[in-house]
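Here the structure comes first, spelled out in structure tokens, and everything after it is commentary.
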DNA sequence: AGAGCACATCGACGCTCGTCGATGTCTGCC
DNA sequence: GGCAGACATCGACGAGCGTCGATGTGCTCT
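Okay, here's the thing in structure tokens:
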């Protein structure tokens, strides 16, 4: 055991993200939000979240996710762990299968960051 | 090499992001969006974007940004380059000074990704 | 022409990340 | 009990990242 120690968030608070525009972001706040974005800043993990969110019931079995990629089962498991550790995914073991679901409000918290970014009109 | 567009610089790929929820994201689309998130997935760069966006006129001089951090000028310059290369920041040299501004619509494109994330149940 | 400032680039360093094969742990079934 | 399947964990590898000091480039003013 060595490094993985996030605990970035264990509570459904998710009260992290102020707009990003408007007033400058504090250093502490940036340190808190960055791991969330880092967890999402990977093509595979992005697709994983998307696949899970678009699945029936908002949850997906690992076995199904595994088939959607040309990667080892170990690698997929690793990515799911990263997303879970970041607080983005919920984990539910049912019998032999494990189901992951997007934690409610997790993506919304991130969306809040860029929300005011609706300065797009121009 | 099953290449994707390199987007190494300056291309307004901003017409990228479908919702993320709803329908699963394609591999190509994930590869296109991930670099954007990766550029933002750093506390320093997050604060840089925030500082610039919150500045008067939506732009900020490098000298001012430099003073806001306990980092070397070389490091700040590096981070600004990363953000610029990702298409998030515009660069404008005026005399001796260089001003960076958040590219219009850049954050909005990212916001679009998490937008439908309003699946927040309650 | 020369000096001085603002910013970019270079080369190097330690650290983290994404991926893999191998192995461990738990569950359900014969 | 034992075996097979579904996931997680371990250890290792190459590649990339964040940071630094040193140096380069372009502008302004004297």
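Protein chains in written order, with the numbering used here: chain A, -17 to 104; chain B, -17 to 104. Where a beta carbon is used, it is the ideal one built from N, C-alpha and C, also for glycine.
The alpha-carbon separation between residue 97 of chain B and residue 20 of chain B amounts to approximately 19 Å. By the criterion of a C-beta distance shorter than 6 Å, residue 80 of chain B is surrounded in its chain by 44, once the five residues flanking it on both sides are discounted.
For residue 83 of chain B, the closest Cβ of chain A is not nearer than 8 Å. Sequence-distant partners of residue 74 of chain B (beyond 5 residues in either direction) whose C-beta falls short of 6 Å from its own C-beta, in its chain, are 81. For residue 74 of chain A, the enclosing beta strand (DSSP E) covers residues 71 to 76. Between the C-alpha atoms of residue 63 of chain B and residue 53 of chain A there is a straight-line separation of about 32 Å. Here residue 41 of chain B is bridged, per DSSP, to B/83. Contacts between residue 9 of chain B and chain A, judged by CB atoms closer than 8 Å, involve 25 and 29 in chain order. Comparing alpha carbon positions, the residue from B/28, B/5 and B/8 closest to residue 65 of chain B is B/28. Taking a Cβ-Cβ cut-off of 9 Å, residue 53 of chain B has no neighbours in chain A, whose nearest Cβ is about 12 Å from it.
In this structure, residue 83 of chain B sits near residue 34 of chain B, with a CB-CB distance shorter than 8 Å.
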